[in-house]
């Protein structure tokens, strides 16, 4: 009899319905466990972000309101550093150089990357080899690229002018003529074009083949197909590359600094290669104007944020995503 009662009780327990409150408590417990697990896995990144990004940004914002030379205690000066930026002719020169470099370099970078990606898309089995060849220069340290710039673009015996001489062209003084310093740096920036080529190649290979077949049936030629099929379908990748390279162009530093400002270099036309971040670096670590340099950094941050916001707004008209209707 007792055994029977136990079996009945067990069956009753098995048939017991879980109440909504118990189900909700179980979901909350599972959610808390998932949250703890996620925070545990994210904790290295969170600590790194707080220590190496968030806190330096906050402290830099504070320093931008002070007169600080690293040695003495920061002295609060309010918006004086920002007012000085508006009246600094050298900062204006650095900003003009940077804007010119970015405005020319980014479109050229995109065009050359797209052309190479289109060629690789038709390369067949050899595309793997050429992908590696194009990407390897990306692994070159920027300082080495700066030194390479001086060797390749030397006006007297540089490789580029030597090749131009074979065709009877008298090459310019790339490193000493102020009119040719920035064009030379723009050409040199194409050295690291490999990453963009790989991204665009992947985008090209994801374009549905049936779209090309439909365009061919409609009698569309190469240019019509490119404008109506290829470019719209790879526009997200193009937009990503434009955003990334615009930000990188506005922060140009390594190659130009190595070539024209490193190791006390005063031989070349430095003002023509004086970019915004180089001038910021000089103010911070050569002249020890940390407060002014911090204000410059926040000024550049706001400029990049505004330009990126404009690009995001414009992209709504020109960038196509497959989920769009």
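In my numbering, the protein residues as written are 4 to 328.
The beta-carbon is built from N, C-alpha and C at its ideal position, and this holds for glycine as well.
Assuming contact is defined by CB atoms lying nearer than 9 Å, are residue 255 and residue 311 in contact in what I supplied?
Working through the chain shown from its first residue, we reach residue 255 at position 252. Working through the chain shown from its first residue, we reach residue 311 at position 308. Going by C-beta atoms, residue 255 is not nearer than 9 Å to residue 311.
Simplified DSSP state of residue 79, which is helix, strand or coil
Walking along the chain shown from the start, residue 79 turns up at place 76. Strand at residue 79.
Anyone know if the C-beta pair for residue 60 and residue 302 falls short of 9 Å?
For the purposes of this step, residue 60 is identified with residue 57 of the chain shown, where counting begins at 1. For the purposes of this step, residue 302 is identified with residue 299 of the chain shown, where counting begins at 1. It is not a contact, given that the beta carbons lie outside the stated cut-off.
Pair every Cβ in the region 62–80 with every Cβ in the region 288–305, then say whether three or more of these pairs are closer than 8 Å.
yes
Quick one: is residue 185 buried, meaning 16 or more other Cβ sit within 10 Å of its Cβ, or exposed?
As a working mapping, residue 185 is identified with position 182 in the chain shown. Classification for residue 185: buried.
Counted within 10 angstroms of its Cβ, other Cβ atoms place residue 55 as buried (16 or more) or exposed:
For the purposes of this step, residue 55 is taken as residue 52 along the chain shown, with counting starting at 1. When all chains shown are included, residue 55 counts as exposed.
Quick check: residue 238 and residue 112, are their CB atoms within less than 9 Å of each other?
As a position in the chain shown, residue 238 is number 235, starting the count at 1. As a position in the chain shown, residue 112 is number 109, starting the count at 1. Contact flag unset, no.
Leaving out the 5 sequence neighbours to the left and right, which residues in its chain are closer than 8 Å to residue 85 when beta-carbon positions are compared?
For the purposes of this step, residue 85 is taken as residue 82 along the chain shown, with counting starting at 1. Excluding sequence neighbours, residue 85 sits near 67, 298, 302.
Backbone secondary structure at residue 143 - three-state DSSP
The residue given as residue 143 occupies position 140 in the chain shown. Coil, per DSSP.
Count the other C-beta atoms from every protein chain shown that fall within 10 angstroms of the C-beta of residue 224, then say buried if there are 16 or more, exposed otherwise.
Stepping through the chain shown from its first residue, residue 224 is reached at position 221. With fewer than 16 Cβ atoms within 10 Å of its Cβ, residue 224 is classed as exposed.
In chain order, which continuous runs of the alpha helix (DSSP H) of length 4 or greater are located wholly inside the region 179–215?
181–192, 197–208
Taking 9 Å as the threshold (C-beta atoms), are residue 155 and residue 162 in contact?
Here residue 162 refers to the residue found at position 159 of the chain shown. Here residue 155 refers to the residue found at position 152 of the chain shown. For residue 162 and residue 155, yes; Cβs fall inside 9 Å.
C-alpha gap between residue 109 and residue 252, whole angstroms
Residue mapping note: residue 109 aligns to position 106 of the chain shown, counting from 1. Residue mapping note: residue 252 aligns to position 249 of the chain shown, counting from 1. Distance between the alpha carbons of residue 109 and residue 252 is about 7 Å.
In chain order, which alpha helix (DSSP H) runs of at least 4 residues are fully inside the region 38–121?
58–66, 83–89
Taking residue 216 as the reference, which of 232, 207, 201 has the closest Cα?
Here residue 216 refers to the residue found at position 213 of the chain shown. Cα-wise, what sits closest to residue 216 is 232.
Rounded separation between residue 205 and residue 166 - CA only
Start at 1 with the first residue of the chain shown, and residue 205 comes out as number 202. Start at 1 with the first residue of the chain shown, and residue 166 comes out as number 163. Residue 205 and residue 166: Cα-Cα distance of roughly 34 Å.
Leaving out five residues on either side along the sequence, give the residues of the same chain with a beta carbon under 6 Å from the beta carbon of residue 174.
Start at 1 with the first residue of the chain shown, and residue 174 comes out as number 171. The residues are 164, 167.
In three-state DSSP terms, what is residue 330?
The structure shown does not extend to residue 330, since the chain spans only 4 to 328, so no value can be given for it.
Would you say residue 135 and residue 278 are within 9 Å of each other, going by their C-beta atoms?
Working through the chain shown from its first residue, we reach residue 135 at position 132. Working through the chain shown from its first residue, we reach residue 278 at position 275. No, Cβ-Cβ distance for residue 135 and residue 278 is not below 9 Å.
The ligand FAD heavy atoms versus the CB of residue 125: any closer than 8 Å?
In the structure on display, the ligand FAD does not appear, and there are no ligands present to speak of.
Residue 193 and residue 276 closer than 9 Å at C-beta
The count along the chain shown starts at 1 and reaches residue 193 at position 190. The count along the chain shown starts at 1 and reaches residue 276 at position 273. Contact: no.
Given a cut-off of 9 Å, decide if residue 243 and residue 307 are closer than it, judged by their beta-carbon atoms.
By one-based count along the chain shown, residue 307 stands at place 304. By one-based count along the chain shown, residue 243 stands at place 240. Result no, Cβ atoms of residue 307 and residue 243 do not sit closer than 9 Å.
Let's test the definition: count the other Cβ atoms within 10 Å of the Cβ of residue 178 and tell me whether it reaches 16, buried, or not, exposed.
One-based indexing of the chain shown puts residue 178 at position 175. So residue 178 counts as buried.
Over what stretch of residues does the alpha helix (DSSP H) that includes residue 261 continue unbroken?
Taking the first residue of the chain shown as position 1, residue 261 is located at position 258. Per DSSP, residue 261 belongs to the alpha helix (DSSP H) from 257–263.
Roughly how many whole angstroms lie between the Cα atoms of residue 314 and residue 199?
As a working mapping, residue 314 is identified with position 311 in the chain shown. As a working mapping, residue 199 is identified with position 196 in the chain shown. Approximately 18 Å between the Cα atoms of the pair.
Using a threshold of 9 Å, state whether the C-beta atoms of residue 139 and residue 81 are closer than that.
Taking the first residue of the chain shown as position 1, residue 139 is located at position 136. Taking the first residue of the chain shown as position 1, residue 81 is located at position 78. For residue 139 and residue 81, no; Cβs fall outside 9 Å.
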